Structures are given as structure tokens and as C-alpha cells.
Amino acid sequence: MTRPAPASGPPQGPRCRIRTGCPSCTRGRWRVALPLLLALLSAAPASARQSDRQQPANVEADRVEIDRPAGVSRYYGDVVFTQGTLRITGDTVSLRSPEGVVHHATAHGQPATVRQESDTGTVVHAHASTIVYDPDHDRVTLTGKAELQRKGERFAADRIVYRPSTGRVEATGGDSRKRVQIHIEPSDQKNAGSGSGAQP
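For the sequence shown, this note's numbering assigns the number 4 to the initial residue and increments by one for each residue that follows.
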């Protein structure tokens, strides 16, 4: 069944907290299979924290549209998507989750943000105009005033691709010919400072 196009005006109705269902949602009768109990995913590529994809997923938004046959849901208005240590926010977020498993998420915002913790405890923070989370291909793509920060490093570029399982970062300046900016902090600031101030 074809779903109506999203309303062009501001979101209407009460704020939804999408977990096991939302009888008061403006979309009427529907139930969302969230939390998404992600199991039997041993064949999936490892993410920044391998247990994240096995955790329940929750979404908060002002309005939601569900296309259950296609396995696609779209959320509008201060959207917050969480799953384990993964947290994605945006003005709008689209999820592709056939059979209750999140395979793809796209967030748009001014900016959209993503945060995730690795198995070793390193936290990655990033923001951009558009964020595409693709766990099946071990990839987070940030486009439009993108910036990614993790311990001791900051990357700023028009487009950044981050590989959670390996920590690999690929950054490009884009069509605007802007240069990629990278800032790296010394691993031991104290020693670095004492060395630079040593007397002959």
C-alpha cells in the first residue's frame, strides 16, 4: 500500500517514543517491532562495539511513517536513534530494518550527529549535514561540513568515510576544492612540553 508523502509543515501531534508501539501516533494504527532484538548476526561485519548490533534499538521522534512491506521507517523532528553505544540524531532519520534488523540508517540535520564507543573504550564523535550508517558494509559516511573526532585526532572535510571495525578514516575535500584538515595531539603532552622547554 502506498503511504502518503510526508507533511511539508512542522511535525504535528504528540512526541513518539518508539519502542513496542505508539497507539497515540498521528499515523494511526501501527506497531513497531522495536526494541529490535538483534540476534543470530555472527556473520555480520564487526562494528565499533561488536555487541551494539545485538542490543535493542530505540527511536524518539515527533512523527513517524512506517512502510512495513518494504521494511522502511521514516522519523521526523528531533530524532534520536540509539542501539547499544551507538547514538544518531537528526532532523530526519530513515531506517531500513526488514525483519526487525537495522541494515541502514540515513540522518539529515543541521547538523546530524553520530556517536559510538569501541570495544577498547575509544569514543568517536562526528557530525555532518548527512550521515549514512551502513553496518553491513562496515561504513559510516559523513557529507557536508563533516567533522570526526576521536582520542587525539580531529578530521574536517566535505566528505569523511569511517570504518568502525578497523578505525580507518578516508577524507576528501569535495567539489568545493576545500582542503582536508587534520589535527593530531601528541600522545604525551607532558613529555612533549618538557622536551621543548629544556635548556641547553
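All residues carry an ideal CB built from backbone N, CA and C; glycine is no exception.
Computed from a predicted model, the values in this text were never measured in an experiment.
Distance, residue j Cα to residue i Cα
| i | j | result |
| --- | --- | --- |
| Lys-154 | Leu-145 | 19 Å |
| Pro-138 | His-106 | 6 Å |
| Asp-94 | Val-117 | 13 Å |
| Arg-166 | Arg-66 | 31 Å |
| Pro-203 | His-186 | Legend: pLDDT at Pro-203 = 37, less than 50; position of this residue unreliable, value from coordinates given subsequently. Using only the alpha carbons, I get a separation of about 30 Å. |
| Val-104 | Ile-134 | 19 Å |
| Arg-90 | Val-83 | 7 Å |
| Asp-141 | Ser-168 | 7 Å |
| Gln-86 | Arg-182 | 34 Å |
| Glu-102 | Arg-157 | 37 Å |
| Gln-57 | Thr-88 | 11 Å |
| Ala-110 | Asp-122 | 24 Å |
| Asp-70 | Arg-99 | 10 Å |
Identity of the residues DSSP links to residue i by a beta bridge
| i | result |
| --- | --- |
| Thr-116 | Thr-92 and His-130 |
| Thr-175 | Arg-162 |
| Ser-97 | Arg-77 and Thr-109 |
| Glu-156 | Arg-153 and Ile-187 |
| Thr-144 | Val-135 and Val-164 |
Residue i - DSSP class collapsed to helix/strand/coil
| i | result |
| --- | --- |
| His-107 | strand |
| Gln-184 | strand |
| Arg-71 | coil |
| Gln-58 | coil |
| Asp-137 | strand |
(Q) Contact between the stretch 126-133 and the stretch 63-83 is defined here as three or more beta-carbon pairs at a separation below 8 Å; is this criterion met? (A) In the pairwise beta carbon analysis, the stretch 126-133 is classified as not touching the stretch 63-83: fewer than three pairs are separated by under 8 Å.
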